[in-house]
Amino acid sequence: MLEAKPFAMGIRIEHPQELIDSIQYKSDGRGAFLPAAYYQLVTQQNGKGVFSFCMCPGGIIVPSATQSGEVVVNGMSNSRRNSPYANSGIAVAIDPSELSNFQQHGPLSGLRYQQWVERVCFEAANKSQQVPGQRMTDFCAGKMSKTLKPTSYNPGVVNAELHHILPPEIVPYLQGGFKDFDRKMKGFMTDEAMLLAPESRTSSAVRIPRNADTLEHLQIQRLFPCGEGAGYAGGIVSSAIDGENVAKAVAKALNA
Ligand SMILES: Cc1cc2nc3c(=O)[nH]c(=O)nc-3n(C[C@H](O)[C@H](O)[C@H](O)COP(=O)(O)OP(=O)(O)OC[C@H]3O[C@@H](n4cnc5c(N)ncnc54)[C@H](O)[C@@H]3O)c2cc1C
56 MLEAKPFAMG
66 IRIEHPQELI
76 DSIQYKSDGR
86 GAFLPAAYYQ
96 LVTQQNGKGV
106 FSFCMCPGGI
116 IVPSATQSGE
126 VVVNGMSNSR
136 RNSPYANSGI
146 AVAIDPSELS
156 NFQQHGPLSG
166 LRYQQWVERV
176 CFEAANKSQQ
186 VPGQRMTDFC
196 AGKMSKTLKP
206 TSYNPGVVNA
216 ELHHILPPEI
226 VPYLQGGFKD
236 FDRKMKGFMT
246 DEAMLLAPES
256 RTSSAVRIPR
266 NADTLEHLQI
276 QRLFPCGEGA
286 GYAGGIVSSA
296 IDGENVAKAV
306 AKALNA
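Residues 56 to 311 (the numbering used here) make up the sequence shown, in order.
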């Protein structure tokens with residue numbers, strides 16, 4: 056037994072860190088003593104949530120695919136947070152019921168949709184670990200970028216029309232979300248910012264159902280679904296806590 060669950064899909068945005076510093080600190084820069092500035096943004100666009108995720112001050116964008124034939128981006132900061140870039144996932148909430156072309160996959164509909172987006176982006180960027188990218192302002196205006204800005208993504212970026220490549224469940228919501236984010240953080244919308252796609256693994260699209268008390272699978276005894284992939288966590292800390300809880304549940308079952 057598996058269940059489809061709501062998840063999120065989007066892009067990773069990268070600004071110059073100096074720009075984010077000047078917006079957040081409301082000054083020319085952060086000087087010698089302040090840390091690289093952070094942001095957290097959320098908005099509703101026609102009833103759908105659009106939000107920043109895993110913002111990485113002074114960070115880099117990294118490849119995170121797990122199979123051949125797909126691309127996925129993610130972000131990270133080293134402890135000094137001293138790269139010249141600020142990146143963040145910007146994701147749109149998706150309910151599995153929206154994916155009319157994927158219903159034949161049942162509980163795996165969201166997973167197949169993620170896979171499809173990752174493959175489309177792979178095809179659009181030389182079938183390598185390069186990813187399709189576009190300037191933020193051109194994405195919002197619906198036109199191809201004439202040139203791209205350098206990014207921290209080491210494998211490289213291929214100029215692409217993300218507003219055509221990415222699906223309609225996310226494009227208009229991202230476009231509207233960016234405009235709202237610019238109202239909240241004046242200067243966020245800029246042709247200095249690059250969008251790289253896809254940010255497709257922000258949360259699991261599937262859940263393996265378990266008994267709320269024993270944490271065992273509803274049908275298979277002694278199977279304990281656990282962590283992010285099973286749909287019970289999102290991120291390091293919540294996965295670790297779920298792991299602890301499941302370890303205790305396993306011990307209890309073995310000692311019963
Ligand atoms: C680049 C990057 C940056 C991230 N940054 C952050 C961050 O800043 N903060 C944050 O909270 N989260 C971050 N995350 C997300 C975080 O890493 C995950 O949410 C978390 O690791 C999920 O924990 P988990 O234990 O559920 O799964 P995992 O950590 O993925 O552990 C699953 C384990 O199962 C093993 N495994 C898989 N298949 C098998 C098999 N068949 N047999 C045996 N073993 C198997 C895998 O090798 C792996 O060790 C980041 C992720 C990435 C990729």
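The beta-carbon is built from N, C-alpha and C at its ideal position, and this holds for glycine as well.
Is any non-hydrogen atom of ligand 1 found closer than 7 Å to the C-beta of residue i, if you look at the structure I gave you?
| i | result |
| --- | --- |
| M131 | yes |
| I263 | no |
| E216 | no |
| I145 | no |
| I291 | yes |
| S155 | no |
| C109 | yes |
| E283 | yes |
| G298 | yes |
| A288 | yes |
| V117 | yes |
| S138 | no |
| S134 | no |
| S255 | no |
| S294 | yes |
Going by CA-CA distance only, name the one from the options that's closest to residue i.
| i | options | result |
| --- | --- | --- |
| E125 | G161, Y80, L229 and W171 | W171 |
| D193 | K234, L154, Y168 and S207 | K234 |
| A267 | S77, F279, V226 and S259 | F279 |
| F88 | D76, F243, T269 and Q99 | D76 |
| A63 | E153, Q159 and P210 | E153 |
| G282 | Q122, V292, G161 and Q276 | V292 |
| G197 | R85, M249, L270 and E216 | E216 |
| P61 | V261, I78 and F236 | V261 |
| N142 | E73, L309, G284 and V301 | E73 |
| Y93 | Q100, G65 and M131 | M131 |
| M240 | L163, I78, R67 and L57 | I78 |
| R67 | L250, Q169 and P227 | L250 |
| G232 | Q184, V305, Q100 and N181 | Q100 |
| D246 | Q159, R190, K307 and R256 | R190 |
| Q169 | Q122, G211, M110 and S200 | Q122 |
| A221 | R238, C111 and C195 | Reading the sequence as shown, one finds Leu at residue 221 and not Ala. Of the candidates R238, C111 and C195, the one whose C-alpha sits nearest the C-alpha of L221 is C195. |
| A302 | L270, A288 and G286 | L270 |
| I225 | T202, S255 and L203 | S255 |
| L96 | L229, P264 and Q276 | L229 |
| S164 | R135, L57 and A179 | L57 |
| E69 | H219, C109, A179 and G86 | C109 |
| R136 | N214, D83 and P90 | P90 |
| A248 | N300, I275, G188 and N310 | G188 |
What does residue i pair with, by DSSP beta-bridge criteria?
| i | result |
| --- | --- |
| Y140 | P71 |
| F236 | Answer is none; F236 lacks a bridge partner. |
| P364 | Residue 364 falls outside the range modelled here, since the chain spans only 56 to 311, and no answer is possible. |
| H55 | As displayed, the chain neither begins before 56 nor continues past 311, which places residue 55 out of reach and without an answer. |
| C111 | N142 |
| V97 | F106 |
| P118 | V128 |
| F62 | I149 |
| M249 | E69 and R190 |
| E254 | G65 |
**Asked** Do the region 139–158 and the region 99–114 make contact, defined as three or more Cβ pairs closer than 8 Å?
**Response** yes
**Prompt:** Would the region 205–215 and the region 107–126 be scored as touching if the rule is three or more Cβ pairs under 8 Å?
**Reply:** yes
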